[in-house]
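For reference, the structure is listed below as structure tokens.
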Ligand code: NDP
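In our numbering, the protein residues as written are 3 to 296.
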């Protein structure tokens, strides 16, 4: 399959689309704000006028949007993907959304003969640029195999985790671990710094031990250098943890740590930091402890 449509050229979508072009795929793109298509069009993509037109011209349609309501609107709404998609084509939703919504959309698509995979990603903007995302895929094995090479053009790890919706279930698990790790790092560094220990020295001392992690390596330097540009916005992490709690309440699973971190993130949003990187969660602790990790 060579004709791919791509909808949603934001922080993640733009570099992912460029990697598909680099891999030799023909790409039709659409973004609500037209100016964001320019760079990808300059790199060889064909611009479309609507979500529907993207679907009409593609065998595989990729969406990379913020959350469940936007994916519903783009796929099921007027002038949307399902109006244009041919029977047999495959939608790959790579957004991080609620698993139950994924299942709902897939069912409606199936009734029109259109197949669907959910394939949310982890790794952030740097991995999107380098084509080294971790991609968690839900959907039938046959469709996964048909789309594997396309996904590998964007990610270095592409794992099918189960039926449709399970990609997003894996992503929720990923987001729980990342959020709690950031909070743990912020809590620990605030204590050490208030006592007078230099954060750079602390980082050097602990990064090779059991407390070392990819989260620590990615976020501790940013906090110490006071770099809070996104990256991954606190508002997006609030969205993911809200999807976690909706899912966990339906399944009857208590989530005491996730709930606490979500409340901290809400406080940061109210305090005007929602569009900063989730590493800015450190400021929650700094403010309460009246210290700074630097
Ligand atoms: P951005 O906000 O940068 O981009 C979102 C894209 O969705 C934009 O192209 C935007 O269009 C489009 N969009 C938003 N609302 C609508 C709508 N109602 N109709 C049509 N298009 C719409 O987000 P990211 O690229 O950062 O994130 C995308 C997804 O990837 C999210 O689910 C996020 O959780 C996930 N993700 C993000 C990571 C990150 O580090 N940023 C890491 C891993 C996953 P417009 O330009 O018009 O606003």
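Where is the CB? At the ideal position from N, CA and C, for every residue including glycine. Predicted model only: the values in this text are computed from it and were never measured.
Contact test: residue 245 Cβ vs the ligand NDP heavy atom, cutoff 7 Å: Working through the chain shown from its first residue, we reach residue 245 at position 243. Exclusion of residue 245 from the 7 Å shell around the ligand NDP follows from its C-beta lying no nearer than that to any non-hydrogen atom of the ligand.
Contact test: residue 76 Cβ vs the ligand NDP heavy atom, cutoff 7 Å: By one-based count along the chain shown, residue 76 stands at place 74. Yes, Cβ of residue 76 sits closer than 7 Å to a heavy atom of the ligand NDP.
Residue 314 beta carbon near the ligand NDP (any heavy atom closer than 7 Å): Lying outside 3 to 296, the shown extent of the chain, residue 314 is not represented and no answer is given.
beta-carbon residue 38 near the ligand NDP non-hydrogen atom, thresh 7 Å: Your numbering for residue 38 matches position 36 in the chain shown. With a threshold of 7 Å, the Cβ atom of residue 38 counts as near the ligand NDP, since some heavy atom of the ligand is closer than that.
CB-CB length for residue 20 against residue 56, believed under 8 Å: Against the chain shown, residue 20 aligns to sequence position 18. Against the chain shown, residue 56 aligns to sequence position 54. The distance from the Cβ of residue 20 to that of residue 56 is about 17 Å, inconsistent with a contact at the 8 Å cut-off.
Cβ-based burial, residue 17 [other Cβ within 10 Å; buried from 16]: Here residue 17 refers to the residue found at position 15 when the chain shown is read from its first residue. By the Cβ neighbour-count rule, residue 17 is buried, with 16 or more other Cβ atoms within 10 Å of its own.
Any non-hydrogen atom of the ligand HEM closer than 7 Å to residue 230 Cβ: No copy of the ligand HEM occurs in the structure displayed; its ligands are the ligand NDP alone.
Contact check, residue 101 vs residue 167, beta carbons under 8 Å: Position 99 of the chain shown holds residue 101. Position 165 of the chain shown holds residue 167. It is a contact, given that the beta carbons lie within the stated cut-off.
Rounded distance between the beta-carbons of residue 267 and residue 283, thought under 8 Å: To locate residue 283, count along the chain shown from 1; it is residue 281. To locate residue 267, count along the chain shown from 1; it is residue 265. By a beta-carbon distance limit of 8 Å, residue 283 contacts residue 267. Their separation comes to about 7 Å.
Under the three-state DSSP convention, the category residue 169 falls into: In the chain shown, residue 169 corresponds to position 167, counting from 1. Reduced to three states, the DSSP call for residue 169 is helix.
Reference residue 279, options 146, 78, 61, 127, closest by Cα: The residue labelled residue 279 in the question sits at position 277 within the chain shown. For the residues 146, 78, 61, 127, the minimum Cα distance to residue 279 belongs to 127.
Pair within 8 Å by beta-carbon distance, residue 91 and residue 63: Locating residue 91 in the chain shown gives position 89, counting from the first residue. Locating residue 63 in the chain shown gives position 61, counting from the first residue. Closer than 8 Å, so yes.
Any non-hydrogen atom of the ligand NDP within 7 Å of residue 146 CB: Position 144 of the chain shown, counting from 1, holds the residue named residue 146. Not one heavy atom of the ligand NDP falls within 7 Å of the beta-carbon of residue 146.
For residue 31 and residue 39, the rounded distance between their alpha carbons: On the chain shown, residue 39 is found 37 positions in, with the first residue counted as 1. On the chain shown, residue 31 is found 29 positions in, with the first residue counted as 1. Whole-angstrom Cα-Cα distance: 7 Å.
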